[in-house]
Amino acid sequence: MKRICQLLSLALLLVLTQKSYALACKKDGTQAADAVMINTTIAVPNNLPKDTVLWRSNNYSISMTCWQDRQGGVEFVYFYLSPRDQGLTQLGPDLEMGIHLNGTDLRCTQLAQCRVQLPIQFSGCGHNSSCKDKAQTFALNFNFFLSKRTPPSAGKEGPLTTVSTYPAFQLDGVAGMNTNPDSNFVMTVAGLNQLRYVSCSSVLSISPKTIDFGAITSTGAQANKVIKESPFSITAIKTCNSVYGLNAYLTPVAATVADGYTLVPNNNKSVGISLLKQPSRSAIPFNKEFTLVAPTRDKMVVNNFLAQLKWRTSKPTLGKFNATATIDVFYK
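All the letters of the sequence shown, read from the start, carry residue numbers 642 to 973 under my numbering.
#1: In the DSSP assignment, find the beta strand (DSSP E) that holds Ser-702 and state where it starts and stops.
#2: Contact check, Ala-831 vs Ile-679 under 8 Å by CB: the rounded distance?
#3: Looking at Gln-758 and Phe-783, is the spacing between their C-beta atoms short of 7 Å?
#4: Just the C-alpha distance for Asn-963 and Asn-907, rounded to the nearest angstrom, thanks.
#5: So, at 8 Å on beta carbons, what are the nonlocal neighbours of Ala-895 in its own chain, with the 5 sequence-adjacent residues on each side left out?
#6: Specify whether the stretch 704-717 and the stretch 847-867 touch according to this definition: at least 3 beta carbon pairs, one from each stretch, less than 8 Å apart.
#7: Threshold first: 4 residues or longer. Then list the alpha helix (DSSP H) segments lying entirely within the stretch 665-693, N to C.
#8: Going by other Cβ atoms of all chains shown within 10 Å of its Cβ, with 16 needed for buried, is Glu-798 buried or exposed?
#9: Within 10 angstroms of its Cβ, does Ser-650 collect 16 or more other Cβ (buried), or is it exposed?
#10: Label Pro-793 either buried or exposed according to how many other C-beta atoms from any shown protein chain fall within 10 Å of its C-beta, with 16 as the threshold for buried.
#11: Pull up the distance between the alpha-carbon of Leu-959 and that of Ala-948, whole angstroms please.
#12: Is Pro-957 helix, strand or coil by DSSP?
#13: Could you check whether the stretch 744-756 touches the stretch 681-691, counting it as contact only if at least three pairs of C-beta atoms, one from each stretch, sit closer than 8 Å?
#14: Where in the stretch 861-940 do unbroken runs of the beta strand (DSSP E), each at least 3 residues long, occur, reported from the N-terminal end onward?
#15: Give me, in chain order, the residues of the same chain whose beta-carbon lies closer than 6 Å to that of Ala-795; leave out the 5 immediate sequence neighbours on both sides.
#16: Once DSSP output is grouped into helix, strand and coil, what is the label at Cys-841?
#17: Can you list, in chain order, the residues of its chain with a C-beta nearer than 8 Å to that of Asn-834? Leave out the 5 residues immediately preceding and following it.
#18: If you draw a straight line from the alpha carbon of Cys-772 to that of Thr-671, how long is it in whole angstroms?
#19: Could you give the distance in angstroms between the alpha-carbon of Lys-789 and the alpha-carbon of Leu-891?
#20: For the putative contact between Ala-809 and Thr-829, defined by C-beta atoms under 8 Å, what is the C-beta separation to the nearest angstrom?
#21: Determine whether the beta carbon atoms of Pro-849 and Phe-826 lie at a separation below 7 Å.
#22: Indicate the three-state DSSP secondary structure (helix, strand or coil) for Thr-750 in the structure shown.
#23: Name the one or two DSSP bridge partners that Leu-836 has.
#24: Which class does Asp-823 belong to by DSSP, given the choice of helix, strand or coil?
#25: Strictly by DSSP, which residues pair up with Lys-797?
#26: Indicate the three-state DSSP secondary structure (helix, strand or coil) for Asp-969 in the structure shown.
#27: Under 7 Å between the Cβ atoms of Val-677 and Phe-786?
#28: Using only CA atoms, which one of Lys-961, Cys-881 and Tyr-972 lies nearest to Lys-940?
#29: According to DSSP, is Asp-726 helix, strand or coil?
#30: Enumerate in chain order the residues of its own chain whose CB-to-CB distance from Gln-751 is below 7 Å, with the five nearest sequence positions on each side excluded.
#31: Under three-state DSSP, which class holds Asp-774?
#32: On the DSSP bridge assignment, give the partners of Gln-731 in chain order.
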């Protein structure tokens, strides 16, 4: 009996030791908290499908430093979504937080333990070692978003959640949340009370959908010289009188972006394409949210634009070019 008790005590000690492993992670090595504010209203039509992205943050690239702050073995760094709400009850039934990592949107409800393993590994920290001496610094590139958690429904009006501030994510180890206060960087989102249900949605049409600049001559080519401009329009139609607007986000396909506003085809970098609002001729950004339709009660809004083709060099490469941009629309 005495021997069994000793074995049981040893097993319990090993379990407790395993749970005591922890990582400390801070932005720029010192910062334990940061916050992002949703500074615009967000309208959510009842008929939007489950997993529709309702709001997305800017892209972030931050420097993170992590180290084992207690005795431990080999472990990885994990990206925890909703770190203070692992049961996903605080936001209510209609909303959840997601993260965009490595080109993929990931939602808490799709992840085991609401976390993603990062390729940052620690080999262990012995009892007499200085754990911070083995710290690792790495770049973390991401954006995060709010997603509709419920399928289409009817008759809902008003706020999606009663929570205005919510911890979005935290970096930590395999054993879960570090119990040492202020040891781990937490990103908080404020302004969630800006999301509200409206009774209808909008349908967009683009005319023409494809801009054909036709044949062009390289004679007189100079960097930034405008070659041609072609008009197009975007029409938004809704079936109700609810007051809301539309923001848009342009993502390049088979192209890169120069100066934030110029689409550069992958198959010919001699030219660039900019999109201009009419009549102001103000440039529209790529990879950044912009106002497509200001909040209005109107059931139909038509916005006019120009696609502007210009040289990027005085010695262009002859041949065809093509580039595409997808448009994501957010209600506000």
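Just so it is clear, CB atoms sit at the ideal spot from N, CA and C, and this is done for glycine as well.
To lay it out plainly:
#1: Here the beta strand (DSSP E) through Ser-702 covers 701-709.
#2: That belief holds up - the Cβ atoms of Ala-831 and Ile-679 are roughly 7 Å apart, short of 8 Å.
#3: Taking 7 Å as the Cβ cut-off, Phe-783 and Gln-758 do not qualify as a contacting pair.
#4: In this model, Asn-963 and Asn-907 are separated by some 8 Å (Cα to Cα).
#5: The beta carbon of Ala-895 sits closer than 8 Å to those of Pro-906, Asn-907, Asn-908, Asn-963, Ala-964 and Thr-965, all from its chain and outside the five residues before and after it, given in chain order.
#6: A contact between stretches requires three or more CB pairs, one per stretch, nearer than 8 Å, and the stretch 704-717 fails this requirement with the stretch 847-867.
#7: As far as the stretch 665-693 is concerned, it has no whole alpha helix (DSSP H) run of at least 4 residues.
#8: The Cβ neighbour count for Glu-798, taken over all protein chains shown within 10 Å, is under 16; the residue is labelled exposed.
#9: With a pLDDT of 37 at Ser-650, under the threshold of 50, the predicted position of this residue should be treated as unreliable, and no value is reported.
#10: Per the 10 Å Cβ criterion, exposed.
#11: Distance between the alpha carbons of Leu-959 and Ala-948 is about 21 Å.
#12: In the displayed model, Pro-957 falls within coil according to three-state DSSP, outside both helix and strand.
#13: Using a C-beta cut-off of 8 Å, the stretch 744-756 makes no contact with the stretch 681-691, since fewer than three inter-stretch Cβ pairs fall below that distance.
#14: Within the stretch 861-940, the complete beta strand (DSSP E) runs of at least 3 residues are 867-879, 885-894, 896-899, 903-906, 912-918 and 931-937.
#15: Closer than 6 Å at the Cβ level, and outside the excluded window around Ala-795, lie Asn-687.
#16: When secondary structure is reduced to three states using DSSP, Cys-841 falls in the coil class, being assigned neither helix nor strand.
#17: Around Asn-834: Pro-800, Thr-802, Thr-803, Val-804 and Ser-805.
#18: If I take the Cα positions, the gap works out to 16 Å.
#19: A direct Cα-Cα distance of roughly 21 Å separates Lys-789 from Leu-891.
#20: The distance from the Cβ of Ala-809 to that of Thr-829 is about 6 Å, consistent with a contact at the 8 Å cut-off.
#21: Between Pro-849 and Phe-826, the CB-CB gap reaches or exceeds 7 Å.
#22: Secondary structure of Thr-750 (DSSP, three-state): helix.
#23: Looking at the DSSP assignment, Leu-836 forms a beta bridge with Ile-683.
#24: In the displayed model, Asp-823 falls within coil according to three-state DSSP, outside both helix and strand.
#25: The partner list for Lys-797 (beta bridge, DSSP) is empty, contrary to what the question assumes.
#26: Strand at Asp-969.
#27: No. Outside cutoff.
#28: Of Lys-961, Cys-881 and Tyr-972, the residue nearest in Cα terms is Cys-881.
#29: Collapsing the DSSP output to three states places Asp-726 in coil.
#30: If the five residues before and after Gln-751 are omitted, its C-beta is found closer than 7 Å to no C-beta atom of its own chain.
#31: Helix, per DSSP.
#32: As far as DSSP is concerned, Gln-731 takes part in no beta bridge.
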